[in-house]
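S.K.: Submitted below is the structure of interest, expressed as structure tokens.
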Amino acid sequence: MVRNEVAMRELGPFIAGSWWSGAPLRSVRSPYDGREVSRIGVGGSRELAVALEAAAAAREPMASLPPHARATILDRASRAVTERSGELAEALADEAGKPLALARTEAERCAETFAEAARVARRPEAELVDLGGFPSGEGRFGLLRRFPVGVVVGITPFNFPLNLVAHKLAPAIAAGCPIVLKPASQTPSPALLLAAILHDAGAPAGAVNVVPCAANEMGILLDDVRVRLVTFTGSAEVGWGLKRRLWDRRVTLELGGNAAVVVEPDAGDLPTIARRIAVGAFAYAGQSCISVQRVLVHESIAAGLRDALVEATASFPTGDPAAAEILCGPMISAGDADRIESWVEEATRRGARLLTPLRREGNIVRPVLLEDVPRDASLWADEAFAPVAILATYRSFEEALDLVNDSRFGLQAGILTADVAKIQRAFERLEVGGIIQGDIPSWRTDAMPYGGVKQSGIGREGPRWAVEEMTEPRLLVLRRD
Ligand code: NAP
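The opening position of the sequence shown corresponds to residue 9 in our numbering, with each subsequent residue numbered one higher.
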């Protein structure tokens, strides 16, 4: 694939409404071929302190910006994201190694996330509570309104560096909270471009600050009491560590999982299902928090699904992420590719069977399908975050539900059946944040409440729910006389 020579992307931190100059530049390299794709000004304690001051100073201007004005900013930003979607998609494809087709979809979703946040901003909620139902409340009414929490710190992962950043910045604007965001070191450009887009759309100076920095510099933000909410998306290990540190602060955690799909005998055409599962498991090298990791199939159709999945796995379009037909590109780093190789080797040493070969070229790991994976092996119990799927069979639907729940995570599960009683049963029993009927667990639309239970996190995203996390209720009690 021949790449056009484009001007080097060079971006610094975005603080208090302008680009910060003078921060030392760091190269970001493509995980596919190692070429330098961006040079990023990396902030340190000084830049973070200035960003925090700017956000604190923007607290009042943001809180007093009427909801319709916040919505206007968000609508303008949505249109700008659509207009600049090519540039944004290219930035995230370059830095994340995300296949271009998927990067373009992420840019479209980002515009929709801003548009949805605008809709949410236009519908501020307040409740009138009649307190007269209790003798001491006679003659009094309560007015319950939500107010912005104040300064928010957002921390985002490498894998959806545009739309997951939008899921922090857009609700912060809708809620009236200034935000300081630390993007992932491998994929900082999309967040920086979004900060400038929001500024051009009319966000007050200091409302949106994006500071690429080393994770160990974050203390200056995290330990400051002016920071009222830390909203983190990333790995369980880092997320729960933050929660421990921030025990007296609001924290939302959007973490990982080892999502399962249950395939019942009435699921439908097996080759079609297998191709759909392959997309959920292998697209973007499985580097999505709701990537299909465990495929649970009823024993009566297991042989047919196994054959269809082997075919879908072996033929999955894998390679150069800039090629139009490719859906599975490189893993984000050589270390992550090494890790998944060692997990597959561990599983096979302990009795798992490879249904397709384990092959690697550079950071590209070819999609792999296994069965008979022990339930305490890393491949079953931990988050693979790689193009690997494991197949297991069950006899009864209840056993399938037990297998889904046999996880320390609980983000989403897919249930492929049209049987209403089984769907209801799954809804009652599955310990997950969302159940996707008739599809893979990897399905998500940006307006829905999204988040996990167990070690997959706390709190929900999707602009309406994120705005709830970023606001708190305040009660005004009114006397009649
Ligand atoms: P990660 O290693 O946990 O990093 C996430 C972010 O946290 C990065 O910006 C990282 O900075 C920063 N960070 C790391 N250590 C930190 C610390 N001690 N204090 C403060 N910040 C720290 O995750 P990742 O590898 O980028 O992303 C993959 C993970 O994200 C997977 O587990 C995936 O399931 C999860 N994820 C969850 C969702 C969801 O919505 N539930 C969505 C997408 C991804 P550096 O980049 O500088 O290290």
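Glycine residues also receive a C-beta, built at the ideal position from the N, C-alpha and C atoms.
1) Per DSSP, which one or two residues make a beta bridge with Y458?
2) Quick check: is any heavy atom of the ligand NAP less than 8 Å from the C-beta of Y292?
3) Quick one: Cα of T453 to Cα of R47, how far?
4) Sorted by chain position, which residues of the same chain lie with C-beta nearer than 6 Å to P273's C-beta, five sequence neighbours on each side aside?
5) Helix, strand or coil for T90 per DSSP?
6) Might you give, ordered along the chain, the residues of its own chain that have their beta carbon closer than 6 Å to the beta carbon of G422, omitting 5 neighbours on each side?
7) Rounded to whole angstroms, what's the CA-CA distance from R11 to M456? Just pull it up for me.
8) By the three-class DSSP mapping on this structure, what secondary structure does W351 have?
9) Assuming G147 contacts G140 under a Cβ cut-off of 8 Å, what Cβ separation, rounded to an integer in Å, is found between them?
10) Specify the secondary structure class of N217 as computed by DSSP and reduced to three states.
11) Express the C-alpha separation of A215 and A66 in angstroms, rounding to a whole number.
12) Measure the beta-carbon distance from L360 to D380 and round it to whole angstroms, keeping in mind my assumption that it falls under 8 Å.
13) By how many angstroms is the C-alpha of A79 removed from the C-alpha of N171?
14) If we require 4 or more residues per run, which alpha helix (DSSP H) segments fall completely within the segment 49-82?
15) Which class does Q432 belong to by DSSP, given the choice of helix, strand or coil?
16) Taking 8 Å as the cut-off, does the CB of K106 come closer than this to any heavy atom belonging to the ligand NAP?
17) Determine whether the beta carbon atoms of L177 and L189 lie at a separation below 9 Å.
18) In the structure shown, what three-state DSSP assignment does F290 receive?
19) Check the DSSP bridge columns for T195 and list the partner residues they point to.
20) With a CB to CB cut of under 7 Å and the five nearest residues on each side skipped, what residues in its chain are close to R472?
21) Provide the residue(s) that pair with F240 in DSSP beta bridges, ordered along the chain.
22) Determine the direct distance from the alpha carbon of A320 to that of A400, and round the result to whole angstroms.
23) What does DSSP give as the partner residue(s) for T479 in the beta ladder?
24) Looking at Q194 and the ligand NAP, is the gap between the Cβ and the nearest heavy atom below 8 Å?
25) For my contact list, C185 and M70 are in at a C-beta cut-off of 8 Å; report their separation, rounded to the angstrom.
26) Would you tell me roughly how many angstroms separate the C-alpha atoms of V233 and L304, rounded to the nearest one?
27) Considering only the beta carbon of each residue, do T121 and N167 sit closer than 9 Å?
28) At the level of alpha carbons, what is the spacing between G418 and L438?
29) Does the ligand NAP have even one heavy atom less than 8 Å from the beta-carbon of G247?
30) Hey, could you find the ends of the beta strand (DSSP E) E135 is sitting in?
31) How many Å lie between E124 and H175 at the Cα?
32) Evaluate L60 with the Cβ neighbour count: other Cβ atoms within 10 Å of its Cβ, from every protein chain shown; 16 or more gives buried, anything less gives exposed.
33) Here's the rule I'm using: 16 or more other beta-carbon atoms within 10 Å means buried, otherwise exposed. How should E68 be labelled?
34) Is E272 helix, strand or coil when you go by DSSP?
35) Under 6 Å Cβ to Cβ from G150, same chain only, skipping five residues before and after it: list those, please.
36) Using C-beta distances below 7 Å, list every residue in its chain close to V475, excluding the 5 sequence neighbours before and after it, in chain order.
M.R.: Walking through what the data contain:
1) The beta-bridge partner set that DSSP reports for Y458 consists of E469.
2) No, the ligand NAP has no heavy atom inside 8 Å of this Cβ.
3) So the alpha carbons of these two residues sit roughly 32 Å apart.
4) The answer, listed in chain order, is H306, S308 and I309.
5) If DSSP states are grouped into helix, strand and coil, T90 belongs with the helices.
6) Take G422, set aside five residues on each side of it, and the residues of its chain with a beta-carbon closer than 6 Å to its own are V269, I444, D447, I448 and P449, in chain order.
7) In this prediction, R11 scores a pLDDT of 46, lower than 50, which makes its location untrustworthy; the coordinate-derived value is nonetheless stated afterwards. Rounded to the nearest angstrom, the two C-alpha atoms are 37 Å apart.
8) W351 falls in the helix class under three-state DSSP.
9) The Cβ separation is near 7 Å, so the contact holds.
10) Strand at N217.
11) Their backbone Cα atoms lie some 6 Å apart in a straight line.
12) A quick correction: the sequence has Ala, not Leu, at residue 360. That belief holds up - the Cβ atoms of A360 and D380 are roughly 5 Å apart, short of 8 Å.
13) So the two alpha carbons sit approximately 18 Å from each other.
14) Positions of the alpha helix (DSSP H) runs, each at least 4 residues long and wholly inside the segment 49-82, are given as 53-71 in order along the chain.
15) Annotated three-state conformation of Q432 is helix, per DSSP.
16) No, since every heavy atom of the ligand NAP falls outside the 8 Å radius drawn around the Cβ of K106.
17) A contact, by the Cβ cut-off of 9 Å.
18) F290 falls in the helix class under three-state DSSP.
19) DSSP, once it has assigned bridges, lists no residue as partnering T195.
20) Same-chain partners within the cutoff: V128.
21) Partner(s): I163 and L261.
22) Note on geometry: alpha-carbon atoms of A400 and A320 lie some 17 Å from one another.
23) The partner list for T479 (beta bridge, DSSP) reads P156.
24) Q194 Cβ: within cutoff of the ligand NAP.
25) With a Cβ gap of about 6 Å, C185 and M70 count as contacting.
26) Using only the alpha carbons, I get a separation of about 46 Å.
27) For T121 and N167, no; Cβs fall outside 9 Å.
28) Distance between the alpha carbons of G418 and L438 is about 8 Å.
29) Indeed, a heavy atom of the ligand NAP lies less than 8 Å from the Cβ.
30) Unbroken beta strand (DSSP E) run through E135: A134 to D138.
31) If you take the alpha carbons of E124 and H175, they lie about 10 Å apart.
32) By the 10 Å Cβ count, L60 comes out buried.
33) Burial call: exposed.
34) Secondary structure of E272 (DSSP, three-state): coil.
35) Closer than 6 Å at Cβ, skipping near neighbours: V137, L139, L483 and V485.
36) Result list for V475: V128, P179, A182 and A183, in chain order.
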